[in-house]
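In order, the protein sequence lines correspond to chains A and B.
The first sequence begins at 1 in the UniProt record's numbering and counts up one residue at a time.
The second sequence begins at 1 in the UniProt record's numbering and counts up one residue at a time.
Glycine included, every Cβ here is placed at the ideal spot set by N, Cα and C.
Keep in mind it's a predicted model, so treat the numbers as computed, not measured.
Here's the structure, in structure tokens; my notes come after.
Number of protein chains: 2
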Amino acid sequence: MGPQHRDQSNEHCALDLTASENQSTSVDVSQCVNGSVLKPYGTRIVTLEKVLEVAREIGLEGLTIKEVSRRLRVTPAAIYKRVRSKEKLEALVVAQEFADLTLPEDPGNVREYLFRLCRCYLEFCLEHPGFVEASMFHADSRERRLSYQKVLDTLMRYGYSIGVADDLAASVENIAHGLYVYIRRMYSAVGRTDFVYRVGGYRITIDQMLAIMMSPCIDGLLACSDPAFEETRIFEELHRGLPEGFVPPLQQDDSTPEVAPGE
Amino acid sequence: MGPQHRDQSNEHCALDLTASENQSTSVDVSQCVNGSVLKPYGTRIVTLEKVLEVAREIGLEGLTIKEVSRRLRVTPAAIYKRVRSKEKLEALVVAQEFADLTLPEDPGNVREYLFRLCRCYLEFCLEHPGFVEASMFHADSRERRLSYQKVLDTLMRYGYSIGVADDLAASVENIAHGLYVYIRRMYSAVGRTDFVYRVGGYRITIDQMLAIMMSPCIDGLLACSDPAFEETRIFEELHRGLPEGFVPPLQQDDSTPEVAPGE
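Shown next as structure tokens:
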């Protein structure tokens, strides 16, 4: 999803106003071709890169087309020429933020790797407020993420098949998202994120608490993901272990092959 | 958080317009005291109950003060007399929706109970779009929820102390929220929720997939929550099991007692 229809001939007209954002209106008029600086809400053309840059400065939580247009001093219509809707803009921002994700090094131990991965996702979500909320409503493009491929590669070095590696990685993300919702609520309740739990004779910090909360889930995942087993066998075993009547029995796939989501 | 400052003397003036919502403007004028029906956006007084009823009809996803005022045919100011902000209104709606949560029966097996509880939370979130998103930004009032108390009571019948029961119940909610984020994304990708995964020779429905995904997490939780142990001992064991250097060592609490969040 690169920039589309970029009108190169007009690019010299796209003023960089971000530097002067906090300095009232000190714009270099000599750079301006058609004097549109005098009409601050003119129909100057902005590039998609510029729109995205400003959108990321605003952050996902307060992102509106109006705010982008205000900061770039163009009409909302000029923004809509680059991105069709707020949702499209959000999707582009989400994709870019994810591209910046710095994965943990592989510490040479799969359990520790999953812990570090889970904490990495969680910290990323906390550092990008609105990311989980916005990315919820956008197509899951995990398989297009370069970082996700790296995670799969790391897990496959431990002997997991691609299907099992995919399930493990997706589940670790789910755990991180659940913990993110938890922290957001606690933050609303307490008004800060450095709160301390008192358990018995201990003061447990939020960082310790989160590690302790992710621990049984990650150990449970590992216990159910023997690298010697194929994905099908793991699914069969997990299904067999469900409470009786909880979900219908597994159905053989006798339909013509079709691309499943995520493939 | 019950209705505040309800002006009983004005209640007869609050017209029930919800029934005529789809029928243009057939209002019983005889019920109206000061003829404000002729001025559809007048300053008639609405009760908090009415505001909440309409807010729940709209649903959390499209909820704005403007939309509530439009449906009740009063000015936004009349709504702001009842609820201070959109956020306060959201919090009230969240609290009411949660009050309606129907918990699963205890099937007499704690593992099966946690599975049913997790699915119950997940289905509730799916049936109330916007609930997770909105409740993320409101103080966690779990301990004030009647339904949450019932969950704790059920778990304590299995021998768990209140602290361990609380951790189990909170973790099951976290798992459900993580799965909710997952489904929302899959829905965005595929455009429907009845999608089928093809794993080996099986067609796995979304319902089966979700049960299979929650399975290792719930089993992991149970494995780490021996009812014979006190919460402190469980925390100590989980902390000891973390990768070396992942979080700082547990600190003794030698400060003066203070109320921790959630107590």
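Can you give me the start and stop residues for the alpha helix (DSSP H) that B:R184 sits inside?
Its alpha helix (DSSP H) spans residues 162-190.
Can you tell me the Cα-Cα spacing of A:V247 and B:V110, whole angstroms?
So the alpha carbons of these two residues sit roughly 18 Å apart.
Counting only runs of 4+ residues fully inside the UniProt domain "HTH tetR-type" (41-101) of chain A, write out the alpha helix (DSSP H) ranges in chain order.
Counting whole runs of 4 or more residues, the UniProt domain "HTH tetR-type" (41-101) of chain A contains the alpha helix (DSSP H) stretches 48-58, 65-72, 76-80, 86-99.
Taking just the CA atoms, how far does A:S171 sit from B:R185?
Cα to Cα, B:R185 sits roughly 14 Å from A:S171.
Where does A:V247 fall in DSSP's three states?
Coil.
With respect to the beta strand (DSSP E) encompassing A:Y202, which residues constitute its N-terminal and C-terminal limits?
A:Y202 -> beta strand (DSSP E) spans 202-205.
If contact is defined by three or more beta carbon pairs under 8 Å, each pair taking one atom from either stretch, is the segment 207-224 of chain B in contact with the segment 169-183 of chain B?
Judged by Cβ distances under 8 Å, the segment 169-183 of chain B makes contact with the segment 207-224 of chain B, as three or more pairs qualify.
My assumption, with CB atoms under 8 Å, is that A:I65 sits in contact with A:I79. Please give the rounded CB distance.
Right, their Cβ atoms sit about 5 Å apart.
Where does B:Y197 sit, in a helix, a strand or coil, going by DSSP?
Reduced to three states, the DSSP call for B:Y197 is strand.
So which of A:L101, A:G163, A:V74, A:V164 has the shortest CA-CA distance to residue 341 of chain A?
Here chain A has residues from 1 to 263 only, and residue 341 of chain A is not among them.
Just to confirm my understanding: we take A:P249, look at its own chain, exclude 5 residues before and 5 after, and list those with CB closer than 6 Å. What are they?
No residues qualify anywhere along the chain.
Going along the chain, which residues of its own chain have a beta-carbon closer than 7 Å to the beta-carbon of B:S69, five neighbours each way excluded?
Closer than 7 Å at Cβ, skipping near neighbours: T75, P76, A78, I79.
Find the nearest neighbour of A:C217 within the set A:L63, A:E90, A:A169, judged by alpha-carbon distance.
Answer by Cα proximity: A:A169.
Provide the residue span of the alpha helix (DSSP H) that contains B:F229, from first to last.
Taken as a continuous stretch (DSSP letters only), B:F229 belongs to no alpha helix (DSSP H), as it is neither H nor E.
Taking only the alpha-carbon atoms, compute the straight-line gap between A:R116 and A:E123 and give it to the nearest angstrom.
Taking the straight line from one Cα to the other gives about 10 Å.
Could you check the C-alpha separation between B:G201 and A:Q252 for me, to the nearest Å?
Approximately 6 Å between the Cα atoms of the pair.
Short of 8 Å Cβ to Cβ, which residues in the segment 181-205 of chain B face chain A?
Residues V181, Y182, R184, R185, M186, S188, A189, V190, F195, V196, Y197, R198, V199, G200, G201, Y202, R203, I204, T205.
Under 7 Å Cβ-Cβ, which residues of chain A neighbour B:A165?
Neighbours of B:A165 on chain A: none; closest Cβ ~14 Å, over 7 Å.
Assuming B:L63 contacts B:K81 (C-beta within less than 8 Å), just tell me the rounded distance between them.
Wrong, their Cβ atoms sit about 18 Å apart, outside the cutoff.
Can you list, in chain order, the residues of its chain with a C-beta nearer than 6 Å to that of A:C125? Leave out the 5 residues immediately preceding and following it.
So the qualifying residues of the chain are F131, V132, Y180.
Tell me which residues share the same chain as B:H138 and place their Cβ nearer than 8 Å to its Cβ, disregarding the 5 neighbours each side in the sequence.
Result list for B:H138: E87, E90, A91, V94, in chain order.
Note down the Cα distance separating B:M156 from A:I175, rounded to an integer number of angstroms.
Their Cα atoms are separated by approximately 25 Å.
Say whether chain A places a C-beta atom closer than 9 Å to the C-beta of residue 282 of chain B.
Any property of residue 282 of chain B remains undetermined from this structure, which presents chain B solely from 1 to 263.
Within the continuous alpha helix (DSSP H) that includes A:R145, where are the two ends?
Looking at the DSSP string, A:R145 is not in any alpha helix (DSSP H), and its letter there is neither H nor E.
For B:V132, go through chain A and note every residue whose CB falls closer than 8 Å to its CB, in chain order.
Near B:V132 (Cβ distances below 8 Å), the residues of chain A are V181.
Using the beta-carbon of each residue, which ones in chain D are nearer than 8 Å to B:C217?
Among the protein chains of the structure shown, namely A and B, there is no chain D.
Name the DSSP beta bridge partners of A:Q252, please?
A:Q252 pairs with B:Y202.
According to the neighbour-count rule (16 or more other Cβ atoms, all chains shown, within 10 Å of its Cβ), is A:T193 buried or exposed?
It counts as exposed.
Give every residue of the same chain whose Cβ lies closer than 7 Å to the Cβ of A:L238, excluding the five residues on either side of it in the sequence, and list them in chain order.
Around A:L238: C224.
From what residue to what residue does the alpha helix (DSSP H) around residue 272 of chain A run?
No answer is possible for residue 272 of chain A: it lies beyond the span of chain A, which begins at 1 and ends at 263.
Checking 9 Å against the spacing of the C-beta atoms, do A:L146 and A:Q96 come in under that value?
No; because the gap between Cβ atoms is not below 9 Å, this pair is not in contact.
Does any residue of chain B bring its CB to less than 9 Å from the CB of A:P227?
False, the Cβ-Cβ gap to chain B never drops below 9 Å.
At which residues does the alpha helix (DSSP H) containing B:E123 begin and terminate?
Start and end: 110-127.
Can you give the beta carbon distance from B:T232 to A:V164, rounded, assuming they're within the 8 Å contact cut?
Contact flag wrong, Cβ pair sits at about 36 Å.
Using a C-beta cutoff of 9 Å, does B:D253 count as contacting chain A?
Interface residue, yes.
Helix, strand or coil: which one does DSSP assign to A:G220?
Residue state, collapsed to three classes: helix.
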